[in-house]
Amino acid sequence: MMCEWDTAQYLIFSGNGEPLIYYSHLTSILIFAGLLIFTFLRLKPWPKNSFRLMAGAYIVWLFSDVVLWANESIDHVIFFWTLLGMVEPLIFIGAYAYFIQFLEKRPISTANQWLIFIIILPALYFGAAGLSVIGFDYTTCDRNAWEGLGIYYGYVVETILLLLIIWKTIVRLLKEKTRQERVKIFLVSLGTCLLFLSFLAANVVATITGDYVTSQYGHIAVPIFAAFLTYITIKYESFEPRILLIDTLVIALVILIFSLLFAENDNYQIYANLMAFILVLPLGYTLLTGIRKEVRARKQIEKLAKQLEVANERLKELDRMKSEFLSIASHQLRAPITAIKGYASLIVQGDYGPVPNTMKDPLERVSESARVMASSIEDYLNISRIEQGSLKYEFAPVDVASVAQKVVEEMRPVALAKHLALNFSSKDGALMVQADFGKIKQVFSNLVDNAIKYTEKGSVNVSVEKAQDASGKGVARIVVEDTGAGIPREEMGGLFEKFVRARGANKVNTTGTGLGLYVAKQLVEGHKGTVRIESDGLGKGTRFIVELPA
Amino acid sequence: MPSAGNKIFLVAVVATYVIAIALTYARVYVLHAYPIYYSEEDMPGIPKQLDTLIYWDKTP
Chain A
1 MMCEWDTAQY
11 LIFSGNGEPL
21 IYYSHLTSIL
31 IFAGLLIFTF
41 LRLKPWPKNS
51 FRLMAGAYIV
61 WLFSDVVLWA
71 NESIDHVIFF
81 WTLLGMVEPL
91 IFIGAYAYFI
101 QFLEKRPIST
111 ANQWLIFIII
121 LPALYFGAAG
131 LSVIGFDYTT
141 CDRNAWEGLG
151 IYYGYVVETI
161 LLLLIIWKTI
171 VRLLKEKTRQ
181 ERVKIFLVSL
191 GTCLLFLSFL
201 AANVVATITG
211 DYVTSQYGHI
221 AVPIFAAFLT
231 YITIKYESFE
241 PRILLIDTLV
251 IALVILIFSL
261 LFAENDNYQI
271 YANLMAFILV
281 LPLGYTLLTG
291 IRKEVRARKQ
301 IEKLAKQLEV
311 ANERLKELDR
321 MKSEFLSIAS
331 HQLRAPITAI
341 KGYASLIVQG
351 DYGPVPNTMK
361 DPLERVSESA
371 RVMASSIEDY
381 LNISRIEQGS
391 LKYEFAPVDV
401 ASVAQKVVEE
411 MRPVALAKHL
421 ALNFSSKDGA
431 LMVQADFGKI
441 KQVFSNLVDN
451 AIKYTEKGSV
461 NVSVEKAQDA
471 SGKGVARIVV
481 EDTGAGIPRE
491 EMGGLFEKFV
501 RARGANKVNT
511 TGTGLGLYVA
521 KQLVEGHKGT
531 VRIESDGLGK
541 GTRFIVELPA
Chain B
551 MPSAGNKIFL
561 VAVVATYVIA
571 IALTYARVYV
581 LHAYPIYYSE
591 EDMPGIPKQL
601 DTLIYWDKTP
């Protein structure tokens with residue numbers, strides 16, 4: 001007597017299997033095929049290859065299992081049952097690698113890859129040698145095979161991997177400090193373990209009891225846990241869920257409309273569906289690419305903002321180091337320059353004996369150069385102090401008229417050397433303000449020096465008077481007016497910035513650093529005063545007006 | 551981009567699987583070299599009708 005079985009169509013369609021198989025297995029195949037497609041669409045790096053390995057192996061496994069249930073050929077049953085034993089470890093190894101990569105945020109090492117290879121080898125050997133499925137059972141008509149060493153080897157590997165996942169989870173949970181990270185690890189581990197358990201339990205129960213129908217319920221749980229695992233990964237690995245949803249929606253819509261083309265017999269309806277399909281394709285594509293671009297741009301901006309923050313911190317640090325260096329270097333330079341300046345002046349004045357006429361001019365040049373250099377160093381020092389916030393003011397009543405006059409007297413030789421008239425006038429005599437003598441003198445020196453530098457012919461006039469500011473408060477107004485190069489209106493605003501010089505300033509004076517006005521402004525503001533520029537334009541002279549609270 | 555080590559690993563795994571599956575295919579479909587357990591008592595003369603090389607009579 002021979003057993004009577006249905007003849008299967010396309011390997012898997014027959015009345016031999018339980019109807020449940022088609023629901024559990026074909027649904028799972030569709031879910032995993034969908035997930036597999038998504039791995040090729042995703043933006044963010046994640047353990048794609050491990051997931052592909054797991055999903056791909058599981059699809060092969062499910063298909064082989066459906067063949068076993070549906071097909072009547074003994075050859076097919078033996079071959080596909082053997083195939084099950086060969087691909088099953090791959091599902092678990094893929095899931096394990098996926099978990100480990102998720103946990104450790106790095107690819108599996110080469111050594112571990114080869115370890116995996118060595119673990120797989122026996123399963124393949126047992127399968128090829130006929131030790132996984134050791135024979136077909138024809139004592140009943142259930143089309144069962146007798147399982148052997150290869151299948152049990154698979155279960156051992158799977159159990160070890162499951163225990164390893166539990167062990168690694170416990171170790172990581174104990175090490176991890178943040179609650180969010182612990183929840184993330186726990187959920188991903190839970191998803192992976194449930195995936196393992198539902199699959200392993202179904203197979204082990206079937207092997208032990210021989211009840212292959214009930215065990216199929218375990219396989220129904222697999223896609224649910226896989227979906228859970230994917231969701232957790234998506235949620236915590238900052239994939240863009242919006243993209244996932246839009247992808248799903250658009251793809252589902254396209255498939256639905258495409259399938260409607262074949263579901264209708266009415267030509268008019270088919271035409272309408274075709275039009276809808278043609279419209280949905282470009283619109284869906286535009287929607288998908290638009291959202292993707294937007295998400296990419298947002299992520300890019302977030303990334304750049306972080307980089308900018310880091311760069312900004314670095315720049316602040318560099319700026320602080322520069323100020324420190326400037327301060328130290330300036331101090332080191334100031335002492336020798338002061339000595340050069342002082343001794344040159346003493347020699348010119350004859351304190352060390354008569355000076356030949358031929359030596360006077362070079363010595364005066366030395367003295368003047370030392371003065372210019374000392375002034376520049378003073379500016380550098382002030383800048384570094386201003387930027388470090390260490391500039392200290394010693395306020396005391398100061399007669400600004402006398403300070404301005406003193407500066408004029410000191411600078412007169414410089415003006416005369418350029419054949420310029422340097423005049424001082426004070427309408428109100430002594431004009432007392434609360435000021436730091438040294439710093440306010442530096443302000444006037446910088447302004448007068450600046451005026452002399454940028455005036456080729458004519459005069460520089462310094463005047464001091466009592467006045468009222470825009471709000472009607474009394475102020476001491478100091479005006480330094482020259483007949484020099486003048487400044488175009490559009491350049492006036494930037495002249496008080498660091499290292500900024502007027503356009504073409506180099507043609508008139510090559511020694512300017514662009515620091516004198518910046519320092520002057522900072523020092524005046526330190527006195528709660530104001531400084532501004534007025535000019536009628538190029539070639540029409542400039543007025544610097546300082547107002548200090550009287 | 552996968553490294554050279556990854557590529558070798560991938561090729562090794564795929565090649566081993568292809569070889570193992572090909573051997574299984576040959577053993578099952580070409581040689582029919584797998585045992586069939588049957589009961590001579592329940593199904594007398596079955597071996598003559600089955601396409602395989604090995605038979606095991608499991609008659610108790």
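Chains as they are written, first to last, in this note's numbering: chain A, 1 to 550; chain B, 551 to 610. The C-beta atom is built at its ideal place from N, Cα and C for all residues, glycine as well.
Between which two residues does the alpha helix (DSSP H) containing residue i stretch?
i, result
"K48 (chain A)", "48 to 70"
"L84 (chain A)", "74 to 104"
"P122 (chain A)", "110 to 128"
"A520 (chain A)", "516 to 526"
"P413 (chain A)", "400 to 417"
"R489 (chain A)", "489 to 492"
"V561 (chain B)", "554 to 575"
"L36 (chain A)", "27 to 39"
Let me confirm a value: residue i is counted as buried when at least 16 other C-beta atoms fall within 10 Å, else exposed. Which label applies?
i, result
"I569 (chain B)", "exposed"
"E547 (chain A)", "buried"
"A226 (chain A)", "buried"
"H76 (chain A)", "buried"
"R577 (chain B)", "buried"
"Q432 (chain A)", "The sequence given here places Met at residue 432 (chain A); Gln does not occur at that position. When all chains shown are included, M432 (chain A) counts as exposed."
"M275 (chain A)", "exposed"
"L346 (chain A)", "exposed"
"A57 (chain A)", "buried"
"R371 (chain A)", "buried"
For residue i, which three-state DSSP category applies?
i, result
"A430 (chain A)", "coil"
"L279 (chain A)", "helix"
"K466 (chain A)", "strand"
"N16 (chain A)", "coil"
"I604 (chain B)", "strand"
"A583 (chain B)", "coil"
"P354 (chain A)", "coil"
"I208 (chain A)", "helix"
"L538 (chain A)", "coil"
"Q349 (chain A)", "coil"
"S459 (chain A)", "strand"
Please tell me whether residue i has its Cβ less than 8 Å away from any Cβ of chain B.
i, result
"D75 (chain A)", "yes"
"M54 (chain A)", "no"
"W146 (chain A)", "yes"
"F79 (chain A)", "yes"
"T289 (chain A)", "no"
"G130 (chain A)", "yes"
"M275 (chain A)", "no"
"I134 (chain A)", "yes"
"I12 (chain A)", "no"
"Q113 (chain A)", "yes"
"L162 (chain A)", "no"
"T39 (chain A)", "no"
"T110 (chain A)", "yes"
"T139 (chain A)", "yes"
"I120 (chain A)", "yes"
Chain A beta carbons: is any one of them nearer than 8 Å to that of residue i?
i, result
"A570 (chain B)", "yes"
"K608 (chain B)", "yes"
"L581 (chain B)", "no"
"V564 (chain B)", "no"
"V561 (chain B)", "no"
Measure the C-alpha to C-alpha separation of residue i and residue j and round it to an integer number of angstroms.
i, j, result
"A404 (chain A)", "A430 (chain A)", "11 Å"
"Y551 (chain A)", "I116 (chain A)", "The structure shown does not extend to residue 551 (chain A), since chain A is modelled only from 1 to 550, so the question has no answer here."
"I119 (chain A)", "V157 (chain A)", "8 Å"
"P19 (chain A)", "C3 (chain A)", "20 Å"
"Q388 (chain A)", "P107 (chain A)", "47 Å"
"T542 (chain A)", "G494 (chain A)", "15 Å"
"A97 (chain A)", "S73 (chain A)", "36 Å"
"T110 (chain A)", "N556 (chain B)", "7 Å"
"P94 (chain A)", "N49 (chain A)", "It should be pointed out that residue 94 (chain A) corresponds to Gly in this sequence rather than to Pro. Approximately 8 Å between the Cα atoms of the pair."
"I208 (chain A)", "L103 (chain A)", "34 Å"
"L90 (chain A)", "E590 (chain B)", "39 Å"
"L391 (chain A)", "Q522 (chain A)", "10 Å"
With residue i as the anchor, note down where its beta strand (DSSP E) starts and where it stops.
i, result
"G474 (chain A)", "474 to 482"
"F136 (chain A)", "133 to 137"
"A145 (chain A)", "145 to 147"
"V443 (chain A)", "Run containing V443 (chain A): none in the beta strand (DSSP E); it sits in the alpha helix (DSSP H), 437 to 453."
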